[in-house]
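Novice: In the UniProt record's numbering, the protein residues as written are 1 to 256. Following this message is one structure expressed as structure tokens.
The structure is reproduced here in structure tokens:
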């Protein structure tokens with residue numbers, strides 16, 4: 001063992017990433033994200049200076065600087081020399097980020113952001129259904145059929161039904177082989193899957209209607225009908241969302 005190695009062994013140094021107050025920075029970041037989305041700190045204005053933020057959250061300058069760095073990574077602020085930390089326009093925000101998306105959905109009474117989420121999901125899943133109809137092997141088709149048949153039996157248990165619903169869609173996405181599109185859809189859905197605003201109504205008749213859409217998708221994939229599978233997925237996602245959001249009384253702006 002070299003002298004340097006012996007010194008390091010006898011005098012261990014705590015790595016910087018352990019010393020950094022990550023939990024505090026994360027908590028401050030979450031609060032600032034909500035404040036920015038709510039408009040407490042409007043786009044085009046500066047965040048309060050460091051000393052004010054330190055006093056507001058009872059944290060050190062190190063924590064504040066780490067939180068601002070994270071906000072910058074999320075696209076919510078831009079640090080400008082001599083001008084402070086400026087809040088950016090919503091068009092610059094990372095809408096795939098968990099905190100940003102959750103705060104935006106919570107603040108959006110019109111459900112417009114959920115409409116956009118559904119449109120995005122519809123485009124990606126329709127394309128994946130098209131490819132899945134070309135690539136699906138016998139095992140995939142058997143799994144889709146088994147899921148559809150099982151969901152027919154679960155229409156009185158909406159919680160278990162929706163677990164199988166998600167498994168059905170994920171099977172189609174996996175069959176397409178498009179890992180990026182699947183990752184985007186899963187990331188978006190993970191933020192809203194347990195929210196009442198996205199899930200909407202859940203009664204038996206809606207589960208029955210929803211599974212008719214699943215069966216149509218399965219049939220088109222089993223027939224290797226690419227255009228038919230894409231159209232069936234497009235129609236299913238559109239109709240399911242319109243029904244789920246129908247109790248909100250908010251205008252719909254889904255695009256074709």
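Glycine included, C-beta positions come from ideal geometry on N, C-alpha and C. Here the structure is a predicted model, which is why all the values come from computation and not from measurement.
(1) In this structure, how does DSSP classify residue 248 when only helix, strand and coil are distinguished?
(2) Let me check one thing: in DSSP terms, what residues is residue 86 bridge-paired to?
(3) Could you compute how far the alpha carbon of residue 129 sits from the alpha carbon of residue 146?
(4) Could you tell me the alpha carbon to alpha carbon distance between residue 72 and residue 79, rounded to whole angstroms?
(5) Please state the DSSP three-state secondary structure of residue 97.
(6) Round the Cβ separation of residue 133 and residue 229 to the nearest angstrom and send it over; I've been treating them as touching at under 8 Å.
(7) Just how far apart, CA to CA, sit residue 21 and residue 57?
(8) When you compare each of 120, 96 and 139 to residue 174 by their alpha carbons, which one comes out closest?
(9) Less than 7 Å separating the beta-carbons of residue 99 and residue 33?
(10) With DSSP collapsed to three states, give me the class of residue 32.
(11) Please work out which residues of its chain come closer than 7 Å, Cβ to Cβ, to residue 237, disregarding the five sequence neighbours upstream and downstream, and give them in chain order.
(12) Which whole-angstrom value describes the C-beta separation of residue 25 and residue 66, a residue pair presumed to lie in contact below a C-beta threshold of 8 Å?
(13) Express the C-alpha separation of residue 144 and residue 165 in angstroms, rounding to a whole number.
(14) Using three-state DSSP, classify residue 193 as helix, strand or coil.
(15) Using C-beta distances below 6 Å, list every residue in its chain close to residue 214, excluding the 5 sequence neighbours before and after it, in chain order.
(16) Is residue 21 helix, strand or coil by DSSP?
Specialist: Here's the rundown:
(1) Low local confidence applies: a pLDDT of 48 at residue 248 is under 50, so the model's placement there is unreliable, with the coordinate-based value given in what follows. Helix, per DSSP.
(2) Per DSSP, 46 and 78.
(3) If you draw a straight line from the Cα of residue 129 to the Cα of residue 146, it comes to about 17 Å.
(4) Roughly 8 Å separates the two Cα atoms.
(5) Residue 97: coil per DSSP, three-state reduction.
(6) Yes, they are in contact, since the Cβ atoms of residue 133 and residue 229 sit about 4 Å apart, within 8 Å.
(7) Any reading at residue 21 is ruled out, since the residue's pLDDT is 48, under 50, leaving its predicted position unreliable.
(8) The option with the nearest alpha carbon to residue 174 is 139.
(9) Their beta carbons are under 7 Å apart, which means residue 99 touches residue 33 by this criterion.
(10) Assignment of residue 32 by DSSP, reduced to helix, strand and coil, places it in the helix class.
(11) When the five nearest sequence neighbours on each side are left out, the beta carbons in the same chain lying within less than 7 Å of the beta carbon of residue 237 are those of 118, 121, 122 and 125, in order along the chain.
(12) Yes, residue 25 and residue 66 are in contact; Cβ-Cβ is about 4 Å, under 8 Å.
(13) Spanning the alpha carbons of residue 165 and residue 144 requires a straight line of approximately 10 Å.
(14) Residue state, collapsed to three classes: coil.
(15) Same-chain partners within the cutoff: 148 and 168.
(16) The predicted position of residue 21 is uncertain, since its pLDDT is 48 and thus under 50; a value taken from the coordinates is nonetheless stated next. DSSP, read as helix, strand or coil, puts residue 21 in coil.
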